[in-house]
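Peer 1: Starting off with a structure, shown below.
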Amino acid sequence: SGYGRLFLNQRYQGVYQMVGQTTESLLRRKRRMPGDIYNGDTRTIWEDPQAWTKNANFDSKDKDNRDPLIRFLKSLEEAQPGSKKPAGDILRDLQETMHVESFLKSWAIQVIAGSMHQDATHNQKFYWDPSSGKIEPIIWDTFGHGKYYELDEDLDSPLVPTHLALIRFPHLTLEKYQFLYQAIQQLEADKFQENWIGQYKNMIQRDMKSARVVDYGYLTRKPFRPMNYFRWGVNREFGRVLEFVPKRYSQLRSALNRFDGKWAWCAVDTDRAEGRLALSGHVPIEILEMRQNNKPIGYKIHWEIDSDRDVSFVTKRLYPGRGIIPGGAWHSNY
289 SGYGRLFLNQ RYQGVYQMVG QTTESLLRRK RRMPGDIYNG DTRTIWEDPQ AWTKNANFDS
349 KDKDNRDPLI RFLKSLEEAQ PGSKKPAGDI LRDLQETMHV ESFLKSWAIQ VIAGSMHQDA
409 THNQKFYWDP SSGKIEPIIW DTFGHGKYYE LDEDLDSPLV PTHLALIRFP HLTLEKYQFL
469 YQAIQQLEAD KFQENWIGQY KNMIQRDMKS ARVVDYGYLT RKPFRPMNYF RWGVNREFGR
529 VLEFVPKRYS QLRSALNRFD GKWAWCAVDT DRAEGRLALS GHVPIEILEM RQNNKPIGYK
589 IHWEIDSDRD VSFVTKRLYP GRGIIPGGAW HSNY
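So the sequence shown is numbered by the working numbering: it starts at 289 and just counts up by one.
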């Protein structure tokens, strides 16, 4: 969406909000290959492919074709909690039907914004890319930034079937956390709060001050409503965002770096003991083997969310939320 001045017959009508739609025009603007766009806004979208509307079609001769969506929904169904399908088969099917990285990134963006508005029953938008044969998410109607949301340290909400499928795999959860961490660093380096938000606020306020007030836009339900009447609302919204952003970044950084672990030795026999390690928090740990004269002398535990560090000596990566029983080879039972 965006804002612009509206002229009809060379007469200035005021400042209006322009809202885009998930149609073929979106694909053209983003320079993406023509493909299917699916829109889900009911409670039955995850069980019934016919509950989705198609806003764009790859095959104009067969506009009712939903084969990519059917395959995608089936892979999600088989990946939900309680499924008895082997984990390796589940992951393979997900990777064949969905663009996993795009779903992880869109999920992370919702967490950064604190958005719960793209939930399991509405605002689900998918694009099927015929070049890859995979479904990608379209981020849509993301309120967030303090609207209908309270600050907390939950890095996994909102949980919808796509999220429940991905969260089964610890390495995918870690990828999401790493993207979240890197995105926060980039936004802070770019001074997103001071620069982008501040410039956008000044531009809109300038246009609204020069626009005439049209009261009927507030009293009637029209598809286009003059934004100059809602100058106070825009100021309030920008104030909310400017207050929310630094608090959210600080909160997420704290959550991403939180680690808690408990270690205990359990006697196995007279000359051997086994270590048991329980983890909580959002950060995986890495077990590094310590060697002297090419002989193992012990292990060092390290945790860090930043993936750019040299981890050539890591012998095992263990994730929170899984029961871990390291033996002689640091094997985990998840």
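Built from N, CA and C at the ideal position, the CB exists for glycine as well.
1) When you compare only the Cα positions, how much space is there between S538 and N545?
2) Rank R317, K349, F414 by C-alpha distance to the C-alpha of P356 and give the top, closest one.
3) Apart from the five residues just before and just after P418, which ones in its own chain have a Cβ nearer than 7 Å to its Cβ?
4) On a CA-only basis, which of P425, W416, D407, S542 is nearest L468? Give me that one, please.
5) Quick check: what's the CA-CA separation for Q474 versus D336?
6) Which value, in whole angstroms, describes the spacing of the CA atoms of N297 and V522?
7) Look at the alpha carbon of A367 and the alpha carbon of A453, and state the distance between them as a whole number of angstroms.
8) On the three-state DSSP scale, how would you describe G323?
9) For the alpha helix (DSSP H) that contains Q470, what are its first and last residues?
10) What separation, rounded to the nearest whole angstrom, lies between the Cα atoms of T450 and S348?
11) Quick check on DSSP: helix, strand or coil for V502?
12) Below 8 Å on the Cβ atoms is my contact criterion, and I expect A401 with A471 to pass it. Report the Cβ-Cβ distance as a whole number of Å.
13) Going by DSSP, what residues sit across from F431 in a beta bridge?
14) Using C-beta distances below 7 Å, list every residue in its chain close to S600, excluding the 5 sequence neighbours before and after it, in chain order.
15) Touch check for the region 402-412 and the region 476-488: three-plus C-beta pairs under 8 Å?
16) What do you get for R524, buried or exposed, if any count of 16 or more other CB atoms within 10 angstroms of its CB means buried?
17) From the DSSP output, in three-state form, read off Q383 for me.
18) Relative to the alpha-carbon of L379, which residue among T430, K393, L364, S390 has its alpha-carbon at the smallest distance?
19) Closest to N327 by CA distance: which of W340, L315, R354 is it?
Peer 2: Let's see:
1) 11 Å
2) F414
3) Result list for P418: M321, G323, F346, in chain order.
4) S542
5) Approximately 40 Å between the Cα atoms of the pair.
6) 28 Å
7) If you take the alpha carbons of A367 and A453, they lie about 5 Å apart.
8) coil
9) 458-477
10) Distance between the alpha carbons of T450 and S348: 28 Å.
11) Confidence at V502 is low in this model, with a pLDDT of 45, below 50, so its placement is unreliable and the value that follows should be read with caution. Note: V502 maps to coil in three-state DSSP.
12) Actually they are not in contact, since the Cβ atoms of A401 and A471 sit about 11 Å apart, beyond 8 Å.
13) Note: F431 sits in no beta bridge, so no partner.
14) With a pLDDT of 39 at S600, under the threshold of 50, the modelled position of that residue is not reliable, and the figure given next carries that caveat. For S600, where only same-chain residues beyond five positions count, there are no Cβ hits under 7 Å.
15) no
16) exposed
17) helix
18) Answer by Cα proximity: L364.
19) W340
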